[in-house]
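Participant: Numbering of the sequence shown is given in the numbering used here, commencing with residue 12 and proceeding in unit increments. We put the beta carbon where it would ideally sit given N, CA and C, even for glycine. Computed from a prediction, not measured in an experiment: that's the story for all the values here. I am attaching a structure below and will ask some questions about it afterwards.
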Amino acid sequence: MLTDLWLRGPIDADWCLTRTGCRCVLVMMPTMTSGTRLLDLVPLLAGDHRVQLVFTVPETTHTWHGLHEFVRRDGRFVVPWHQAVHHRFDLVLAASHVELERIRGPILTVPHGATNLISRKYSRRSPDARPHIGLARETLVRNGVVVPTVIGLTHDDELAVLRRSCPEAVPRAVVAGDICYDRMAASAPLRAGYRQALGVTGDERLVMVSSTWTPESTFGRHVDLCRRLIDELPASHRVALVLHPRVWAAHGRGQIHSWLAGEIRDGLLLMPPEEGWRATAIASDVVIGDHGSSTQYAAAIGRPIVLAAYPDGAVRPGSLADTVAAGVPRLDPGRPLPGQLEAAVPHGPRIRACLTSRPGQAAAILRRAMYRLLAIDEPPAPPAIPALPPPTPIRSGTDHGLLRHD
12 MLTDLWLRGP IDADWCLTRT GCRCVLVMMP TMTSGTRLLD LVPLLAGDHR VQLVFTVPET
72 THTWHGLHEF VRRDGRFVVP WHQAVHHRFD LVLAASHVEL ERIRGPILTV PHGATNLISR
132 KYSRRSPDAR PHIGLARETL VRNGVVVPTV IGLTHDDELA VLRRSCPEAV PRAVVAGDIC
192 YDRMAASAPL RAGYRQALGV TGDERLVMVS STWTPESTFG RHVDLCRRLI DELPASHRVA
252 LVLHPRVWAA HGRGQIHSWL AGEIRDGLLL MPPEEGWRAT AIASDVVIGD HGSSTQYAAA
312 IGRPIVLAAY PDGAVRPGSL ADTVAAGVPR LDPGRPLPGQ LEAAVPHGPR IRACLTSRPG
372 QAAAILRRAM YRLLAIDEPP APPAIPALPP PTPIRSGTDH GLLRHD
């Protein structure tokens, strides 16, 4: 069958390569959420002619529509999963633990969201609570062996949890900080350019609406929120909507655009799931969000937050989501919205301290770990942190940049 064919290229085809002897790095993308985080690591290897990157989508019992198209964007070389599991790689990058035990080679894992401690399953105030799945022993260990070679953590608190949940994994842990936050912080000086890219001019104020997935999210609880903001806010305000990639995956591009067609026609800036939410957060003046990572990152870079949705009974005290919620106002849908936005104030330092223990250091720490696993000398120049690209909102349902995937 066609799906069983082996792809000629960087692996299993040395005889047809122009550049040979390269270290081969596999980037595993079981979801778009994990894939977008790994794309923050890929630039750390840019410019090194000793390194060849290839990508793969693990084959499981379920997948997300459009994921393969996302992985193939920008000319990435994608190795079929059935071929990848038969090859030994010099380095494997992963932001998920899906099928890791089937891949051969040293593995570096990083969280795919805002720390491993945002889960409802862990609380610093409840040390006996079950840890986040990324720190749980049943996730990290297979057949009595710790699968990842290096476990990238964002915060010292995660290391303390790991000591309780999986002591044998502690020697493999590296507290590196949060590269997603670092890119946002490094890109903050480009705020004016991001606002210009969004069409926000002069003294206009930008309100970003952020929603994770699940019925308890902003979009799940308040489907009319963007419409109300457009109708109630003065003409000097613009509204941008950021939906978690899984919202797009579960409902589809056509349906989401259908639901929001009127709002887009009236000026809503709908951000695609691939990229753009971080630049939009930087460009924003206030964020209406929930317990999702994008709200937490926006808070960490100093954006005032108003919570539109929050599952109080499902988020443990002491988690990052709880820390954000503790200091910000809650949106009352029964009251006019403009005045409620004015009550929001920034809490950047408080949230940032819970998000990362190594602000500004993630690129250097993670690149050092990657080259140690590759067993070659690290380039002498310090790693560059690429600026986030300008945000490109979806103008209509025919925009081709948008895919339906996670």
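For Leu-385 versus Arg-115, is the C-beta spacing smaller than 9 Å?
Facilitator: Reading the sequence shown from its first residue, position 374 is the one you call residue 385. Reading the sequence shown from its first residue, position 104 is the one you call residue 115. No, these two residues do not count as a Cβ contact at 9 Å.
Participant: In angstroms with no decimal places, state the Cα-to-Cα distance between Leu-236 and Ile-293.
Facilitator: As a working note, residue 236 is residue 225 in the sequence shown. As a working note, residue 293 is residue 282 in the sequence shown. Going by the C-alpha atoms only, they are around 21 Å apart.
Participant: Just to confirm before moving on: does the CB-CB distance between Val-82 and Leu-64 stay below 9 Å?
Facilitator: Locating residue 82 in the sequence shown gives position 71, counting from the first residue. Locating residue 64 in the sequence shown gives position 53, counting from the first residue. Contact: no.
Participant: Taking its Cβ as the centre, do 16 or more other Cβ atoms sit within 10 Å of Asp-277, making it buried, or is it exposed?
Facilitator: On the sequence shown, residue 277 is found 266 positions in, with the first residue counted as 1. Exposed.
Participant: For Ser-11, report the span of its beta strand (DSSP E) as first-last.
Facilitator: Residue 11 lies beyond the stretch modelled for the chain, which goes from 12 to 417, so this question has no answer here.
Participant: So Leu-280 and Val-250 are supposed to be a Cβ contact under 8 Å. How far apart are they, rounded?
Facilitator: Here residue 280 refers to the residue found at position 269 when the sequence shown is read from its first residue. Here residue 250 refers to the residue found at position 239 when the sequence shown is read from its first residue. Yes, Leu-280 and Val-250 are in contact; Cβ-Cβ is about 7 Å, under 8 Å.
Participant: Compare the beta carbon distance of Leu-217 and Ser-295 with 9 Å and say whether it is the shorter of the two.
Facilitator: Start at 1 with the first residue of the sequence shown, and residue 217 comes out as number 206. Start at 1 with the first residue of the sequence shown, and residue 295 comes out as number 284. Yes.
Participant: Alpha carbon to alpha carbon, what distance is there between Ala-355 and Leu-37?
Facilitator: Start at 1 with the first residue of the sequence shown, and residue 37 comes out as number 26. Start at 1 with the first residue of the sequence shown, and residue 355 comes out as number 344. Their backbone Cα atoms lie some 43 Å apart in a straight line.
Participant: Quick one: what's got a C-beta closer than 8 Å to Leu-209's C-beta in the same chain, skipping five residues either side?
Facilitator: Within the sequence shown, the letter at position 198 stands for residue 209. So the list reads Leu-217, Arg-249, Ala-251, Leu-280, Thr-291, Ala-294, Pro-402, Pro-404, once near-sequence residues are dropped.
Participant: Given a cut-off of 9 Å, decide if Ile-299 and Ile-275 are closer than it, judged by their beta-carbon atoms.
Facilitator: In the sequence shown, counting from the first residue as 1, residue 275 sits at position 264. In the sequence shown, counting from the first residue as 1, residue 299 sits at position 288. No; because the gap between Cβ atoms is not below 9 Å, this pair is not in contact.
Participant: How is the beta strand (DSSP E) around Arg-48 delimited, first residue to last?
Facilitator: In the sequence shown, counting from the first residue as 1, residue 48 sits at position 37. Where Arg-48 is concerned, there is no enclosing beta strand (DSSP E), although the alpha helix (DSSP H) it sits in stretches over 43-49.
Participant: Exposed or buried, what is Gln-303 when buried is set at 16 or more other beta-carbons lying within 10 Å of its beta-carbon?
Facilitator: Residue numbering aside, residue 303 sits at position 292 when the sequence shown is read from its first letter. The residue you asked about is not Gln; residue 303 is Gly in the sequence shown. Gly-303 is buried by the Cβ-count criterion.
Participant: For Asp-388, is the classification buried or exposed, using 16 other Cβ atoms within 10 angstroms of its Cβ as the cut-off for buried?
Facilitator: For the purposes of this step, residue 388 is taken as the residue at position 377 of the sequence shown. Exposed, by the Cβ-count rule.
Participant: Closest to Leu-104 by C-alpha separation, out of Asp-51, Arg-238, Arg-369, would be which residue?
Facilitator: Sequence index remark: in the sequence shown, residue 104 carries index 93 (1-based). It is Asp-51 whose Cα lies nearest to the Cα of Leu-104.
Participant: Please go through the same chain and pick out, in chain order, the residues whose beta-carbon is closer than 7 Å to the beta-carbon of Arg-379, but skip the five residues on each side of it.
Facilitator: Translated into positions along the sequence shown, residue 379 becomes position 368. Around Arg-379: Glu-389.
Participant: From the DSSP secondary-structure annotation, give me the bridge partner or partners of Ser-378.
Facilitator: To locate residue 378, count along the sequence shown from 1; it is residue 367. Per the sequence shown, residue 378 should be read as Arg rather than Ser. Paired residues: none, contrary to the question.
Participant: Which residue comes first and which comes last in the alpha helix (DSSP H) that contains Leu-318?
Facilitator: For the purposes of this step, residue 318 is identified with residue 307 of the sequence shown, where counting begins at 1. Per DSSP, Leu-318 belongs to no alpha helix (DSSP H); it is in the beta strand (DSSP E), 316-318.
Participant: Less than 9 Å between the beta carbons of Ala-184 and Val-161, yes or no?
Facilitator: Residue 184 sits at position 173 when you count from the first residue of the sequence shown. Residue 161 sits at position 150 when you count from the first residue of the sequence shown. The answer is yes: Cβ separation under 9 Å.
Participant: Grab the span of the beta strand (DSSP E) containing Ser-198 for me, first residue to last.
Facilitator: By 1-based counting over the sequence shown, the position of residue 198 is 187. Note, Ser-198: premise wrong, no beta strand (DSSP E); alpha helix (DSSP H) at 190-198.
Participant: Cα separation between Pro-149 and Leu-111?
Facilitator: On the sequence shown, residue 149 is found 138 positions in, with the first residue counted as 1. On the sequence shown, residue 111 is found 100 positions in, with the first residue counted as 1. Reading off the sequence shown, one finds Glu at residue 149, where the question assumed Pro. Near 13 Å, if we compare the C-alpha coordinates of Leu-111 and Glu-149.
Participant: How long is the line joining the alpha carbons of Pro-344 and Phe-230, rounded to whole angstroms?
Facilitator: As a working mapping, residue 344 is identified with position 333 in the sequence shown. As a working mapping, residue 230 is identified with position 219 in the sequence shown. Distance between the alpha carbons of Pro-344 and Phe-230 is about 13 Å.
Participant: Tell me whether the beta-carbon of Leu-399 lies closer than 9 Å to the beta-carbon of Tyr-192.
Facilitator: Within the sequence shown, the letter at position 388 stands for residue 399. Within the sequence shown, the letter at position 181 stands for residue 192. In this structure, Tyr-192 does not lie closer than 9 Å to Leu-399 by Cβ.
Participant: Tell me the DSSP secondary structure of Gln-372 in three-state form.
Facilitator: Reading the sequence shown from its first residue, position 361 is the one you call residue 372. It is coil, neither helix nor strand.
Participant: Mind checking which residues open and close the alpha helix (DSSP H) that includes Arg-258?
Facilitator: Taking the sequence shown and counting its residues from 1, the one referred to as residue 258 is at position 247. The sequence shown places Val at residue 258, not Arg. Val-258 -> alpha helix (DSSP H) spans 256-262.
Participant: Taking DSSP as the reference, what is the three-state secondary structure of Gly-273?
Facilitator: Counting from one through the sequence shown, the residue named residue 273 turns up at place 262. Of the three classes helix, strand and coil, the one that applies to Gly-273 here is helix, per DSSP.
Participant: With 16 as the cutoff for other CB atoms within 10 Å, does Leu-16 come out buried or exposed?
Facilitator: Your numbering for residue 16 matches position 5 in the sequence shown. Exposed is the call here.
Participant: Just verifying my parser: in three-state terms, what is the DSSP assignment at Arg-148?
Facilitator: Residue numbering aside, residue 148 sits at position 137 when the sequence shown is read from its first letter. Arg-148: helix per DSSP, three-state reduction.
Participant: Out of curiosity, what's the CA-to-CA distance linking Ala-95 and Met-39?
Facilitator: By 1-based counting over the sequence shown, the position of residue 95 is 84. By 1-based counting over the sequence shown, the position of residue 39 is 28. If you take the alpha carbons of Ala-95 and Met-39, they lie about 10 Å apart.
Participant: May I ask you to verify whether the stretch 251-266 touches the stretch 326-346, counting CB pairs closer than 8 Å and requiring at least 3?
Facilitator: No, they do not touch.
Participant: Which residue marks the beginning of the alpha helix (DSSP H) containing His-81, and which one marks its end?
Facilitator: For the purposes of this step, residue 81 is taken as the residue at position 70 of the sequence shown. Checking the sequence, you will find Phe at residue 81 rather than His. It spans 78-82 - the alpha helix (DSSP H) in which Phe-81 sits, taken as one unbroken run.
Participant: To which residues of the same chain is Val-89 closer than 6 Å at the C-beta, ignoring the five residues directly before and after it?
Facilitator: Counted from its first residue, the sequence shown places residue 89 at position 78. The answer, listed in chain order, is Phe-66, Val-82, Arg-83.
Participant: Please report the distance separating the alpha-carbon of Thr-424 from that of Pro-360.
Facilitator: The displayed coordinates of the chain run from 12 to 417. Any statement about residue 424 would go beyond what the structure contains.
Participant: State the Cα-Cα distance for the pair Ser-228 and Ala-180, rounded to the nearest angstrom.
Facilitator: Taking the sequence shown and counting its residues from 1, the one referred to as residue 228 is at position 217. Taking the sequence shown and counting its residues from 1, the one referred to as residue 180 is at position 169. Cα to Cα, the separation comes out at about 33 Å.
Participant: How many whole angstroms separate the CB atoms of Arg-48 and His-97, which I take to be in contact at a CB cut-off of 8 Å?
Facilitator: Reading the sequence shown from its first residue, position 37 is the one you call residue 48. Reading the sequence shown from its first residue, position 86 is the one you call residue 97. Rounded, the Cβ-Cβ distance is 26 Å, inconsistent with contact.
Participant: Between which two residues does the beta strand (DSSP E) holding Gly-425 run?
Facilitator: Here the chain has residues from 12 to 417 only, and residue 425 is not among them.
Participant: Beta-carbon within less than 7 Å of Leu-342's beta-carbon, same chain only, minus the 5 sequence neighbours each way: which residues are those?
Facilitator: As a first step, residue 342 is located in the sequence shown; it is residue number 331 there, counting from the start. Answer for Leu-342: Ile-299, Val-317, Leu-318, Ala-319, Gln-351, listed in chain order.
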